[in-house]
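Residue 1421 in the working numbering sits at position 164 of the sequence shown, with consecutive numbering throughout. C-beta: ideal position from N, C-alpha, C; glycine also.
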Amino acid sequence: MNITETYGRLCRPIAPSPDLIEKNLTRTRRHGLPLRRLAAMAAAAAVLLSAPALAARTEPGYQLLYAISPAAAQFFQPVRRSCTSSGVTMEVAAVRIEGDTAEAYITLSGEAVDGACDLFDSYNFHLPFDRIGSCEQVGYNEEAHTAAFLCTAKTMDGSPIPTGGKMTFSAGCFLTGKSEQTDVEIPLRLKDYAGDAAAMTPDSAGFAFTDGSSDGRSRVLVPGDALAVPAEGLTVTAAGFVDGLFHIQLCRGDASQQDNHGWLWLADRDGKPVESLYTAYFATAPGTLDRQDYQEFVFEVSREALAESTLR
């Protein structure tokens, strides 16, 4: 198992809602690249002007855009609206509105900002439309402790985004500080878990299938005590067979506060990786201080083969 651990609570946490976390459960298959991230508060809000005629084109702003991308300097309108919270400054550097799409270049500056930080899905274009969005880091200046992001929002029904007025962009938190452990063998004797295990059907769950299709299974293991701790914030809490498939459960803590991830696989007697058939995601006590989020990896493996396998 590879495990990336992110540390660094910077100030008062304002985290995405549980619904936002659950809606954004990853559907992309990743091969042995676990992540552990810790949310931290950043600058809370900034106002951006949505019409080019309403924003003054300043030379420093133009230079900032050009440093990020020549295309940004040509097609985005400099804005340079900013706010600061707990030593972190968030600036809306430039915007572009075209049809149903709004794009904004955002910068974060401060001692706590590093090259691996991201906005933890906490950003928002305040628009009166249902929309989908994306955010990617597009640059980092180590000397200035400044990271640049391109944030995009697109209306779901294709409605054009009005220009000529203003809109608000906000970000509640960002993630910073990353370390990595690679190919860690988890000290768990799998042959001790070759029997059937207690299972339940969660109230709600997300599933990611290796082949992209669901087979209708929905039962997961009943969470238990810690069986192994591969890394801080990641705990193996149950293992065993359910409906003929081997399940292994990883507790991630409260995902609305710490976006911890781990990707587990088996290694057979020859050391060959055995990928999971699918992964389940669910939470217990959502909406409370006792919330716990889980990833559950499900393998199609015989009990005999399991006894000769290791967990990684």
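Cβ neighbour criterion (16 or more within 10 Å) applied to residue i
i     : result
H1383 : exposed
A1300 : Residue placement at A1300 is poorly supported in this model, since its pLDDT is 36, which falls under 50; the coordinates still yield a value, given next. Burial call: buried.
E1316 : Caution applies to E1316, whose pLDDT of 41 falls short of 50 and renders its modelled position unreliable; the value that the coordinates give is listed next. Answer is exposed; the Cβ neighbour count stays below 16.
D1511 : buried
D1550 : buried
D1378 : buried
G1528 : exposed
R1526 : exposed
G1421 : exposed
S1366 : buried
P1543 : buried
P1419 : exposed
G1490 : buried
E1355 : exposed
A1359 : buried
Rounded Cβ spacing between residue i and residue j (contact assumed at less than 8 Å)
i     : j     : result
A1410 : G1390 : 5 Å
A1373 : G1344 : Not quite, the Cβ-Cβ distance comes to about 18 Å (not below 8 Å), so this is no contact.
T1352 : F1333 : Looking at the sequence itself, residue 1352 is Val, so the reference to Thr does not match. Contact holds; Cβ gap of about 6 Å.
R1476 : T1458 : 5 Å
P1417 : D1357 : 6 Å
A1496 : Y1450 : 4 Å
L1376 : F1426 : Contact flag wrong, Cβ pair sits at about 11 Å.
Bridge-paired residues (DSSP) for residue i
i     : result
Q1394 : F1406
L1507 : V1493, Q1552
V1349 : R1338, I1363
L1523 : V1531, L1568
D1375 : L1432
T1412 : R1388
V1499 : L1502
Endpoints, the alpha helix (DSSP H) within which residue i is located
i     : result
E1561 : 1560 to 1564
Residue i - containing beta strand (DSSP E), residue span
i     : result
C1340 : 1334 to 1342
A1540 : 1535 to 1541
D1357 : Premise fails: D1357 is in no beta strand (DSSP E) and is neither H nor E.
H1383 : 1380 to 1383
D1516 : 1515 to 1517
* To do: Could you name each continuous beta strand (DSSP E) segment of 3 residues or more that falls completely within the region 1418 to 1492, going from the start of the chain to the end?
  => 1423 to 1428, 1430 to 1432, 1436 to 1438, 1462 to 1466, 1485 to 1488
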